[in-house]
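Numbers 421 to 733, taken from our numbering, label the letters of the sequence shown in order.
Even glycine gets a Cβ: it sits at the ideal position worked out from N, Cα and C.
A quick note: this is a predicted structure, and the numbers were derived from the prediction, not measured.
Below is one structure, written out as structure tokens, with a few remarks after it.
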Amino acid sequence: MSKVTVVGAGNVGATCANVLAFNEVADEVVMLDVKEGVSEGKAMDMMQTAQLLGFDTTLVGCTNDYAQTADSDVVVITSGIPRKPGMTREELIGVNAGIVKSVAQNVLKFSPNAIIVVISNPMDTMTYLALKSLGLPKNRIIGMGGALDSSRFKYFLSQALGCNANEVEGMVIGGHGDTTMIPLTRFATYKGLPVSNFLSAEKLEEVAKSTMVGGATLTGLLGTSAWYAPGAAGAFVVESIIHNQKKMVPCSVALDGEYGQSDICCGVPVILGRNGIEEIVELPLDAAEKAAFEASAAAVRTVNGALKEVGAL
Numbered sequence: 421m422s423k424v425t426v427v428g429a430g431n432v433g434a435t436c437a438n439v440l441a442f443n444e445v446a447d448e449v450v451m452l453d454v455k456e457g458v459s460e461g462k463a464m465d466m467m468q469t470a471q472l473l474g475f476d477t478t479l480v481g482c483t484n485d486y487a488q489t490a491d492s493d494v495v496v497i498t499s500g501i502p503r504k505p506g507m508t509r510e511e512l513i514g515v516n517a518g519i520v521k522s523v524a525q526n527v528l529k530f531s532p533n534a535i536i537v538v539i540s541n542p543m544d545t546m547t548y549l550a551l552k553s554l555g556l557p558k559n560r561i562i563g564m565g566g567a568l569d570s571s572r573f574k575y576f577l578s579q580a581l582g583c584n585a586n587e588v589e590g591m592v593i594g595g596h597g598d599t600t601m602i603p604l605t606r607f608a609t610y611k612g613l614p615v616s617n618f619l620s621a622e623k624l625e626e627v628a629k630s631t632m633v634g635g636a637t638l639t640g641l642l643g644t645s646a647w648y649a650p651g652a653a654g655a656f657v658v659e660s661i662i663h664n665q666k667k668m669v670p671c672s673v674a675l676d677g678e679y680g681q682s683d684i685c686c687g688v689p690v691i692l693g694r695n696g697i698e699e700i701v702e703l704p705l706d707a708a709e710k711a712a713f714e715a716s717a718a719a720v721r722t723v724n725g726a727l728k729e730v731g732a733l
């Protein structure tokens, strides 16, 4: 029996749970929320699609009843207030730090061996908070951001190439922020060939810039944070863990000397499997990419500093 808990039944959490159920990633998916009836209603609504869509996963909704999350293999934390138009991820920190820390401590009471996947923003800082406050080994604390940013990168690459997005490979490293993420255009490929064979340097720069503001673009259009791709990205990370797929996925993880950084959670490619982070993959970055990563890490550290200011650490 495999079990996943998704904390927060808002747009992102509900989408994540729905994708997990539809793809039958786990035998049971529990949604927990603080608002009475929301997770129960959404779970019932999703379960009423089971015979229409042909899945066998059981979905359960509960209001603040952490006992129902017991023995979860993976816990996804999406709870927190969403980003409003014009609001930076950093501005969310005061509110969301308290929420994420409380949620993580509560789920571990009932699932002490769970792997924690953090989606709440600012994601790198919330991942770092979970790492520092929970005392878990670093392979069990994973920030989802790079999986989402890389999916957006591949979307913009496919649009520029006029091709199927499933035939494109590309990764985004660095912080999960509009100015801190680093789309690695040099490593991107189309059917195994460098995308630079098909796109000009100017077009690739345009793709990179579109990727970096991908979240803000959607926030401007929707009036709130996006949810379909973030929820699906969370489910993608969970599936690689539960099914021991050993996929290489950029995630925000604790660095201990890798990429020249320590005491920080930042986006780098990792191998995801049953133990969570099985391995951190060190890419041969060139001088410009190294400088960009250092600048990104410095920006993440600045936001991390706010954790002490708000008394979260």
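Taking 8 Å as the upper bound for CB-CB distance, V439 and A655 are in contact here, some 4 Å apart.
The C-beta of A463 has 16 or more other C-beta atoms within 10 Å across all chains shown, which makes the residue buried.
The Cβ atoms of G433 and V424 lie no closer than 8 Å to each other. The three-state secondary structure of D676, taken from DSSP, is strand. Residue nearest to C583 within the set L528, I593, V592 and T609 is T609 (criterion: CA-CA distance). Residue pairing by DSSP places G594 opposite M601 and G687 in a beta bridge. Annotation: N664 to G693 spans about 4 Å, alpha carbon to alpha carbon. For C482, the uninterrupted beta strand (DSSP E) run begins and ends at T478 to T483, by DSSP. With respect to the 8 Å criterion, E702 and Y679 are classified as neighbours on the basis of their beta carbons.
Within a 10 Å sphere around the beta-carbon of A580 sit 16 or more other beta-carbons, which makes this residue buried.
For T631, the closest C-alpha among the options S620, A567 and S682 is that of A567. Non-local beta-carbon contacts of Q681 in its own chain, meaning distances under 6 Å to residues more than five positions away in sequence, involve L675 and A717 in chain order. Judged by beta-carbon spacing, I535 lies beyond the 8 Å limit of G635, meaning their Cβ atoms are not closer than that value.
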